[in-house]
Amino acid sequence: METDSFFDPLRERVIRNAPEEVVRQAVLQKMIGEFRFPKAYLAVERALSDFAKNPEGIPNRRLDIVAYTKSEGKLTPLLIVECKAVILQEKMLDQIFGYNHFVQAPFVALVNQKQTIFGQYDTHSNSYTLTRGFCSYDSLLKKITRSS
């Protein structure tokens with residue numbers, strides 16, 4: 011029997027059971043358990059305007075998941091994840107690339123229950139290199155260290 015809500019351990023509150031929320035919670039569990047993302051460096055449903063130098067005119071959107079890294083004593087975005095409960099489509103990549111224009115994380119991911127499209131931003135070509143699957147927290151840190 012399914013319930014209409016469940017407890018979200020990151021937000022520390024009860025959340026309504028919706029299809030995208032089920033995907034988000036599954037991704038978070040994998041990120042923390044399998045891919046070793048520090049729980050303290052994860053945020054859920056952050057406002058896009060939180061990342062803009064000038065929040066005026068920023069779309070009223072929320073990021074599903076933001077993973078951070080500590081750099082020079084402060085947290086900086088490492089990865090943004092967009093969760094979908096439907097088949098992934100190219101226009102959804104445009105959505106997350108648009109969000110990342112404001113966030114400027116080196117990595118993005120678009121996920122549903124069956125697939126993941128992972129992207130690394132290349133500042134030199136101003137484009138993304140896309141792959142399938144997810145990366146561990148440590149491997150992302152190594153990638154940004156090598157590209158610096």
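First residue of the sequence shown? That's 11 in the numbering used here, and the numbers climb one at a time after it. We put the beta carbon where it would ideally sit given N, CA and C, even for glycine.
In three-state DSSP terms, what is residue i?
i, result
"P29", "helix"
"V96", "coil"
"R71", "coil"
"M11", "A caution first: M11 carries a pLDDT of 40, below 50, which makes its placement in the model too unreliable to give a value."
"A77", "strand"
"A115", "coil"
"G83", "coil"
At what residues does the beta strand (DSSP E) containing residue i begin and finish?
i, result
"Y51", "Unbroken run through Y51: none, as it is neither H nor E."
"R142", "S137 to R142"
My assumption, with CB atoms under 8 Å, is that residue i sits in contact with residue j. Please give the rounded CB distance.
i, j, result
"I25", "D14", "Wrong, their Cβ atoms sit about 10 Å apart, outside the cutoff."
"F45", "V113", "Going by Cβ atoms, the distance from F45 to V113 rounds to 20 Å, so no, they are not a contact pair."
Could you check whether the Cβ of residue i sits closer than 7 Å to any heavy atom belonging to the ligand HEM?
i, result
"E92", "You won't find the ligand HEM in this model; it holds no ligand whatsoever."
Is it true that the CB of residue j sits closer than 8 Å to the CB of residue i?
i, j, result
"L89", "V118", "yes"
"L120", "M102", "yes"
"R34", "I97", "no"
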